[in-house]
Amino acid sequence: MTNPAPIVEPREMPRPDPAVVPALSIDGVSHSYGPRRALMDVSFNVQPASFTALLGLNGAGKSTLFSLITRLFGIQTGGISIFGHDISKSPGEALRLLGVVFQPRTLDLDLSLTQNLLYHAALHGISRREAAARSAALLGRIGLEDRAGSKVRDLSGGQMRRLEIARALLHRPRLLLLDEPTVGLDVKARADIISHVRQLVTEQGIGVLWATHLFDEIMPSDDLVVLHQGKVLAQGPMNRVITESGALDVNTAFMRLTGAQVMPGGGA
Amino acid sequence: MSSITTREVPRGFTAAEYMTCLTGIVWREGLRFLHQRERFVSALVRPLVWLFIFAAGFRQVLGISIIPPYETYILYEVFIAPGLMAMIQLFNGMQSSLSMVYDREMGNMRTLLVSPLPRGFLLFCKLLAGTAVSLLQVYAFLIIAWFWDITPPTIGYLTVLPALILSGLMLGSLGMLISSGIKQLENFAGVMNFVIFPMFFASSALYPLWRVQEGSPYLYYVCQANPFTHAVELIRFALYGQINWISLAVVGACTIVFMIGAIFAYDPSRGLARRGPAGGEG
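Protein chains in written order, with this note's numbering: chain L, 12 to 279; chain P, 102 to 383.
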């Protein structure tokens with residue numbers, strides 16, 4: 012006998028199972044720029060096949076954290092691992108599993124879409140033939156296959172972001188970091204990108220860490236990490252964070268936690 | 102579901118992966134170079150100005166006696182051609198290294214450095230790619246110089262290649278070492294005044310060292326100790342199918358020292374931090 016199909020509810024975050032290795036584990040990370048402390052004892056996990064929103068105002072330390080995870084900055088205190096691989100001790104293994112979309116655009120504007128993808132594939136040691144096949148498939152998936160040969164410069168902002176996401180997926184990572192990927196995009200492009208990334212979570216089981224200061228990008232089923240002035244103020248499933256702060260919605264919860272003024276329109 | 106448990110990742114990298122990465126980086130640098138015509142033209146105009154104007158003016162002032170590797174009296178233009186080839190590489194090395202350390206290429210360095218391959222190897226590939234670009238510039242210069250009666254033996258165009266690769270790597274890693282290590286030299290004007298000009302003028306690029314010795318023995322020692330002198334001499338001899346062993350040893354040793362130093366000193370946070378911790382911070 013098979014069980015009756017479960018009723019589809021807003022998906023609760025899978026409870027961290029101790030046997031499951033987190034996609035990303037940040038453990039007691041602190042970072043200073045000279046006397047200014049950008050991160051203070053930050054710890055949280057991103058589970059595989061989950062969407063974790065890293066919520067914070069500008070200057071909260073989100074980009075510093077991203078720079079540490081991607082090894083642009085050396086870790087001063089604490090540890091970071093990706094699927095159990097410590098990024099300081101075995102960076103090769105850790106970085107193989109990581110895809111990143113940085114906040115500033117990092118595409119070569121004068122090169123074509125395919126050339127950008129092939130370059131990225133080469134950086135991961137993916138052979139030319141394999142890279143060409145994967146590039147074509149990914150361009151098809153983001154609906155830009157007919158633009159493969161055009162210069163990136165001619166793309167719209169939203170198309171460039173989609174290309175950057177495709178590029179980040181080229182080496183088939185299991186963890187995807189996105190640093191405010193929708194900044195500067197129009198409503199339609201934002202919605203496309205959010206739904207694309209959410210599909211990656213549900214269909215491919217990729218763990219996503221999505222840094223943002225826009226509350227309307229977060230869904231009730233998401234995991235939430237509230238970062239404020241370098242400290243984690245709250246973390247857990249969004250519903251729990253809201254309840255525990257005694258608020259009714261994420262805006263108020265954020266405001267209560269940080270004491271920040273939240274602008275109308277869902278942005279901090 | 103395998104994605105939820107620890108994922109097996111291959112340890113280390115195969116030789117093929119290293120090769121793919123290296124060719125990918127050089128290929129991209131070449132493509133970018135083809136798109137930056139102004140950079141190419143300015144890299145070419147600089148030595149040509151020296152060749153067409155400076156050398157023509159000095160031709161009558163400086164007589165060059167027969168010194169190795171030359172076997173006959175030569176025109177001043179012929180003498181300074183190897184120095185100008187090295188100058189192209191000097192400028193190129195400093196420019197590309199500076200842009201690696203400071204923010205002009207920061208976006209590109211970000212994508213480069215999240216590659217899982219060892220960081221030292223990635224930087225080496227970058228330096229090699231910069232050298233490859235300098236080779237294109239040098240050979241374009243040699244073609245134009247040929248019409249200006251600078252006609253080394255045909256085989257020289259081939260034998261000079263390894264010398265150029267070595268000197269290009271040396272100058273590129275020196276540039277990276279300097280821009281990583283000396284905070285004040287973060288703009289090109291600073292590098293030009295404090296690195297490029299002293300290195301270029303206190304070398305055998307423009308005048309044979311015995312001439313310098315007649316003028317000032319101290320300056321002679323400075324020139325002798327200048328790695329750029331040895332880059333110039335290595336290129337000069339190689340262009341005539343010969344090897345200057347001392348220069349080869351000096352350039353080889355300097356390349357190794359500078360490159361190791363540059364890889365250790367390289368700190369990508371510097372280019373990011375320069376815009377202030379608030380820059381790019383979310």
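Just so it is clear, CB atoms sit at the ideal spot from N, CA and C, and this is done for glycine as well.
Proximity test, residue i beta-carbon vs the ligand NAP heavy atom, cut-off 7 Å
| i | result |
| --- | --- |
| G125 of chain P | Because no ligand of any kind appears in the structure shown, any question about the ligand NAP cannot be addressed here. |
Residue i: contacting residues in chain L (beta-carbon distance under 8 Å)
| i | result |
| --- | --- |
| V110 of chain P | F94, H96, E104, R107, L108 |
| S216 of chain P | L106, L134, H135 |
| F114 of chain P | G103, G136 |
| R138 of chain P | Under the 8 Å cutoff, chain L gives no residues; its nearest Cβ is about 11 Å from R138 of chain P. |
| P369 of chain P | L83, F84 |
Under 8 Å by beta carbon: chain P residues contacting residue i
| i | result |
| --- | --- |
| I37 of chain L | Chain P residues near I37 of chain L: none, gap ~16 Å exceeds 8 Å. |
| T125 of chain L | Within 8 Å Cβ-Cβ: nothing; T125 of chain L doesn't reach chain P, min ~12 Å. |
| T81 of chain L | R211, L214, V215 |
| S138 of chain L | A117, T121 |
| R116 of chain L | G208 |
| D260 of chain L | In chain order: nothing, as chain P lies at least about 22 Å away. |
| D233 of chain L | Near D233 of chain L there are no residues of chain P at all, since even the closest Cβ is about 18 Å away, more than 8 Å. |
Reduced DSSP secondary structure (H/G/I, E/B, other) of residue i
| i | result |
| --- | --- |
| T75 of chain L | helix |
| D197 of chain L | coil |
| T106 of chain P | Unreliable placement is indicated for T106 of chain P, whose pLDDT of 44 sits below 50; no coordinate value is reported for it. |
| V215 of chain P | coil |
| A60 of chain L | coil |
| F248 of chain P | coil |
| I37 of chain L | strand |
| F225 of chain P | helix |
| H135 of chain L | coil |
| V31 of chain L | coil |
| L83 of chain L | coil |
| H331 of chain P | helix |
| D97 of chain L | strand |
| E382 of chain P | In this prediction, E382 of chain P has a pLDDT of 34, which is less than 50 and means its spatial position is unreliable; what the coordinates show is noted afterwards. Looking at E382 of chain P - three-state DSSP - the assignment turns out to be coil, as it is neither helix nor strand. |
| L278 of chain P | helix |
| G168 of chain L | helix |
| G2 of chain L | The requested residue 2 of chain L does not occur in the structure, where chain L is confined to residues 12 to 279. |
| S166 of chain P | coil |
| G90 of chain L | strand |
| L272 of chain P | helix |
| L65 of chain L | strand |
| M230 of chain L | coil |
Proximal chain L residues relative to residue i, where beta-carbon distance stays under 9 Å
| i | result |
| --- | --- |
| I126 of chain P | Y130, A133, L134 |
| P219 of chain P | P102, G103 |
| P263 of chain P | Simply none; closest approach about 25 Å. |
| R337 of chain P | What R337 of chain P touches in chain L: nothing, since even the nearest Cβ is about 36 Å away. |
DSSP bridge partner residues for residue i (one or two, in chain order)
| i | result |
| --- | --- |
| A245 of chain L | L:V237 |
| N209 of chain P | According to DSSP, which records beta bridges pairwise, N209 of chain P is partnered with nothing at all. |
| R48 of chain L | L:S43 |
| D190 of chain L | L:A222 |
| H136 of chain P | DSSP, once it has assigned bridges, lists no residue as partnering H136 of chain P. |
| T115 of chain P | BP columns for T115 of chain P are empty, so no partner. |
| V53 of chain L | L:V40 |
| S123 of chain L | L:K162 |
Partners in chain L for residue i, counting only beta-carbon separations shorter than 7 Å
| i | result |
| --- | --- |
| L132 of chain P | L122, Q126 |
| R147 of chain P | Near R147 of chain P there are no residues of chain L at all, since even the closest Cβ is about 23 Å away, more than 7 Å. |
Chain-order list of residues whose beta-carbon lies under 7 Å from that of residue i (same chain, five-residue window excluded)
| i | result |
| --- | --- |
| A156 of chain P | Y177, E178, I181 |
| L79 of chain L | V40, H42, I86, I91 |
| M300 of chain P | L191, N327, F329 |
Cross-chain neighbours of residue i in chain P, by beta carbon under 7 Å
| i | result |
| --- | --- |
| F113 of chain L | R211 |
| D227 of chain L | Here the premise fails: no neighbours, minimum Cβ distance about 17 Å. |
| D203 of chain L | Under the 7 Å cutoff, chain P gives no residues; its nearest Cβ is about 21 Å from D203 of chain L. |
| D52 of chain L | Those within 7 Å of D52 of chain L in chain P number zero; the least Cβ separation is about 18 Å. |
Contacts around residue i, its chain only, beta-carbon distance under 6 Å, and the 5 residues preceding and following it disregarded
| i | result |
| --- | --- |
| T81 of chain L | V111 |
| S256 of chain L | A264, R267, L268 |
| M186 of chain P | V239, I336 |
| G278 of chain L | Residue placement at G278 of chain L cannot be trusted, given a pLDDT of 49 that sits under 50; the coordinates are not used to answer. |
| A200 of chain L | G169 |
| A117 of chain P | none |
Cutoff 8 Å; reference residue i; Cβ partners in own chain excluding five residues on either side
| i | result |
| --- | --- |
| N127 of chain L | L118, D119, V163, L174, R178 |
| I204 of chain L | G169, R172, R173, I176, P192, T193, L196 |
| R160 of chain P | L176, Y177, E178 |
| P115 of chain L | none |
| H207 of chain L | I153, R173, I176 |
Any C-beta of chain A under 8 Å from that of residue i
| i | result |
| --- | --- |
| R160 of chain P | Among the protein chains of the structure shown, namely L and P, there is no chain A. |
Given a limit of 9 Å on CB to CB distance, which residues of the region 93-111 of chain L reach chain P? Here the close residues are F94, G95, H96, S101, P102, G103, E104, A105, L106, R107, L108, L109, G110, V111.
Residues of the region 298-318 of chain P with Cβ closer than 7 Å to any Cβ of chain L, in chain order: Going along the region 298-318 of chain P in chain order, one finds no residue with a Cβ nearer than 7 Å to chain L.
Which residues, in order along the region 155-168 of chain L, keep a beta-carbon less than 7 Å from a beta-carbon of chain P? If the cut-off is 7 Å between Cβ atoms, the region 155-168 of chain L has nothing near chain P.
Anything in the region 166-193 of chain P with a Cβ closer than 7 Å to a Cβ of chain L? List those residues in chain order, please. Going along the region 166-193 of chain P in chain order, one finds no residue with a Cβ nearer than 7 Å to chain L.
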